[in-house]
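Quick note, the sequences are listed as chains A and B, same order.
Counted the way this note's numbering counts, the first sequence spans residues 7 to 306.
Counted the way this note's numbering counts, the second sequence spans residues 36 to 403.
This report refers to the structure that appears directly beneath it.
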Amino acid sequence: MDILEAAFSKIWPKKGGFWGPYLMLSPAILLVGLLVLGLAYIGDTSLRTLDTSTFLFSEEWSLANYERALTEPFIRSVIWRSILGATIVTMTTLLLAFPYTYIMVRTRSAFLRKFLLIALFLPFFIGQVVRAYGWLIILGKQGIVNDILGLIGIEPLRMLFNYPSVLFGLVQYMFPFAVLMLAPALTAIPEEIEAAAESLGASWQETMLYVILPMAKSGLIGAGLVVLTLSLTDFAMPAILGGGTQDFVANAIYDQFFRTSDQGFGSSLAVLLIAIGSLLVWIIFMLVGAGTLALGAKDK
Amino acid sequence: MNKVSAVSASNVCLQFGDVHAVKNVCFELEEGRFLTVLGPSGSGKTTLLRLIAGFQQPDQGEIFIKGQTVRELAPNKRSIGMVFQRLALFPHMTAAENVAFPLKMRRFNARTISDRVKEYLHLVRLEGLGSRKINELSGGQQQRVAIARALVFEPDLLLLDEPLAALDRKLREEMQLEFRRIQKELGVTTINVTHDQREALVVSDQIIVMNYGEIQQNATPLEVYRSPSNPFVANFVGVTNLFHGMLESLKGQQVAIRISQQTLLGTSKSENSALTQGVSVQAAIRAEQIRLFRGKSENRECEAYFEGRVTDVIFEGERILYELSVAALSDAPIRIIHHDQQDFSTFEVGEMVFVGWQSRDMHVFVVD
Ligand SMILES: Nc1ncnc2c1ncn2[C@@H]1O[C@H](COP(=O)(O)OP(=O)(O)OP(=O)(O)O)[C@@H](O)[C@H]1O
Ligand SMILES: [Mg+2]
């Protein structure tokens, strides 16, 4: 025993001291490490151009792929579509999720609360792809909605394979994430606070605006960041509901890797996507702080 | 000259499921007075305040503020300042912003707001701390912010829902006097809720004792203390000894009751119709109204007089609480509070002593 302990204290001088908790981080560090490795590989590939005659990658590095990505009109429109889409989706989702969460947290009716919770979790069990196909069935040319419209003599509408349908699908997909991130923030606001605001003369709109929203700020930012990054990088919704006409960056990357086999160009798009995502997150951090994602660091 | 009460309630009832949170509550409170609602946990104190503030509607009955019914008035339209059980300060605002909030909601101009905020922070002795965030203030300072915020718009009525319960005893007693000072200074009609009987006696003009949603007694502190209206009040306010017995005879307010072979004299305020011979009664006497003697000869003006054995001695600083067992009263435990400034002699566990009291201090209630 003593020998063991002595050996142990050699490797780990201060018993139970400084390094203990950090050791427990090692699996996570391993995971992140692998990711960094992959990223390094992608970074390397993104600097090599494909020779279309020989299908070989260049030996030396160049920024040609990035130049192409930033100048080619198709790619530029894909990037803008992703950024704009993610922004619209984030705004809309937060706008819809806030009242939903508020009612779910505040309602006195246990039945309503359970109903809202189940309605929230059900889509999780269905998964993104199946859900997107569900929308095809509902909104398609021969879909349920058009069938019903047909009954009252309205010509079939084209509701799919356009930008709004992709955004719609994304909002529907992101909604539960936003609600789940908002719920703790709203639960943490005591009802007494609302009663206080009211007795001090605030109407319910004023209570919302001056008390509830500011107190839920960190939750809103946290939810916003999650929704923004998830929808910016989404693949399935643009692919299925956009039908190839409404590609986001992830779809363009997929095409480069698996259709055109230009891994260099695909990698440069991947790096660009990471850069754009980081930039957006950074802008939000600068503007409003990190919210619940700041992990207890002092809000300003 | 019929003065309109600042607040009154007539027959107010509110039920949650089959719990009567507030039942048949009637009271009147004059302008500028300090009323304390006293009662054990769950007796409906908070519910009563919430009804007055308008967060809850009564099932029955009516609440009036300055003679006007408030049934149709939303909480933000009633002129009521409330300090909540957990304060409910806005954590994202500074102390001064908290105090300014009701003024902003009432659309005062910026000039008035800053003057008023300054004035009320001064009133609660927080000048200079206005720019602190709420979590940068001590418990007592937060109480003061809550008070200032509830008073700054000069409401008709101030409601205090046990805001002191969380404080340590010293700070609590300090804040009780502070409430009293501010209330006197502004003359604002106040309803304070507490389950601390000491606080109720110290700060109030009027006390309502509640139990199970019903008013047990509505009187001045002195009256509640000196002549409780029923055994519950007698027991809840102060340290009281209760005996069960049977009515033997009565003459005016003087009653004779039989408790385990002994006949004791007491006074009763019950209606005479209820006082018939043989009815079972409870007799209450306060722990500090019982005297303790070492020898039989010391008996002075006591009308009841028994020998007992000391079973416990609890030293409480300025007073000593004795527990005795009296053989003549079938070993009923009797608690006695002894204040003796001159003579620091104490009795010891196991010692035989004599106890005595005056019959006017023994309150007799009919048990129904
Ligand atoms: N929203 C509610 N739903 C159901 N029952 C309630 C509700 N609010 C209060 N009650 C019940 O009504 C009764 C009175 O509660 P109330 O909060 O008024 O008591 P209290 O005198 O303020 O007690 P405490 O001293 O513990 O604060 C209790 O039995 C309580 O359980
Ligand atoms: Mg309460």
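For glycine and all other residues, C-beta sits at the position ideal for the given N, C-alpha and C.
Item	Value
Residues, ordered as in the chain, of the stretch 186–210 of chain A that lie near chain B by beta-carbon distance below 8 Å	Pro196, Glu198, Ile199, Ala201, Ala202, Ala203, Glu204, Ser205, Leu206, Gly207, Ala208, Ser209
Gln120 of chain B beta carbon near ligand 1 (any heavy atom closer than 7 Å)	yes
Residues near Ser394 of chain B by beta carbon distance below 8 Å, same chain, minus five either side	Gln289, Leu299, Leu300, Gly301, Thr302, Glu338, Ala339
Per-residue contacts from Asn265 of chain B into chain A (C-beta, under 7 Å)	Simply none; closest approach about 33 Å.
Contact set for Ile195 of chain A: own chain, Cβ-Cβ below 6 Å, skip 5 residues either direction	Met221
Glu197 of chain B CB to nearest heavy atom of ligand 2 below 7 Å	yes
Val223 of chain B versus Glu66 of chain B: straight-line alpha-carbon distance, rounded	8 Å
Test: Arg395 of chain B CB closer than 8 Å to a CB of chain A	no
Boundaries (first-last residue) of the alpha helix (DSSP H) holding Asn152 of chain A	150–157
Any 3 or more C-beta pairs closer than 8 Å across the stretch 251–260 of chain A and the stretch 206–215 of chain A	no
Three or more C-beta pairs below 8 Å linking the stretch 93–100 of chain B and the stretch 136–145 of chain B	no
6 Å CB neighbourhood of Ser365 of chain B in its chain, flanking five on each side removed	Ser295
Closest by C-alpha distance to Leu173 of chain A, when choosing among A:Phe127, A:Leu236, A:Val95	A:Val95
Near ligand 1: His230 of chain B beta-carbon under 7 Å from a heavy atom	yes
Own chain partners of Ala88 of chain B with C-beta closer than 8 Å, once the 5 adjacent residues on each side are dropped	Pro110, Arg113, Ile115, Met117, Leu194
Ala125 of chain A versus A:Asp50, A:Arg265, A:Val185, residue with shortest Cα-Cα distance	A:Val185
Buried versus exposed, by CB contacts within 10 Å (16 or more), Asp268 of chain A	buried
Under 8 Å between C-beta atoms of Thr104 of chain B and Ile242 of chain B	no
Residue environment, His398 of chain B, which counts as buried when at least 16 other CB atoms sit within 10 Å	buried
Presumed contact (8 Å Cβ cut-off) between Ala189 of chain A and Met110 of chain A, rounded CB distance	7 Å
Residues sharing a beta bridge with Asn253 of chain B, DSSP	B:Ile243
Residues that Ala221 of chain A contacts on chain B, provided the C-beta gap is smaller than 9 Å	Note on residue identity: the sequence assigns Met, not Ala, to residue 221 of chain A. Simply Phe125, Pro126, His127.
Residues, ordered as in the chain, of the stretch 132–161 of chain B that lie near chain A by beta-carbon distance below 7 Å	Phe136, Pro137, Met140, Arg141
Outcome for Asn210 of chain A when other beta-carbon atoms lying within 10 angstroms are tallied against a minimum of 16	Position check: residue 210 of chain A holds Trp in this sequence, whereas Asn was assumed. Answer is exposed; the Cβ neighbour count stays below 16.
Amino acids of chain A, ordered along the chain, whose beta-carbon sits closer than 8 Å to that of Pro198 of chain B	Within 8 Å Cβ-Cβ: nothing; Pro198 of chain B doesn't reach chain A, min ~11 Å.
Contacting residues, own chain, Cβ-Cβ under 7 Å from Tyr155 of chain B (five flanking each side not counted)	Val134, Ala183, Leu186, Val187
Proximity test, Cβ basis, 8 Å: Val294 of chain A and chain B	no
Chain A within 8 Å of Ala56 of chain B, Cβ atoms only	no
Candidates B:Ile148, B:Glu220, B:Phe62, B:Met245, of which the one nearest Phe271 of chain B by Cα	B:Met245
Bridge partner(s) assigned by DSSP for Val401 of chain B	B:Val316
Glu213 of chain B to Ser166 of chain B span [Cα, whole Å]	22 Å
CB-CB length for Leu64 of chain B against Ile250 of chain B, believed under 8 Å	Actually they do not touch by this definition, with Cβ atoms about 13 Å apart.
Enclosing alpha helix (DSSP H) for Trp392 of chain B [first to last residue]	No alpha helix (DSSP H) contains Trp392 of chain B, which is instead part of the beta strand (DSSP E) from 387–392.
For Asp191 of chain B, the nearest candidate out of B:Ala291, B:Gln218, B:Ala181 (CA to CA)	B:Gln218
Thr71 of chain B CB to nearest heavy atom of ligand 2 below 7 Å	no
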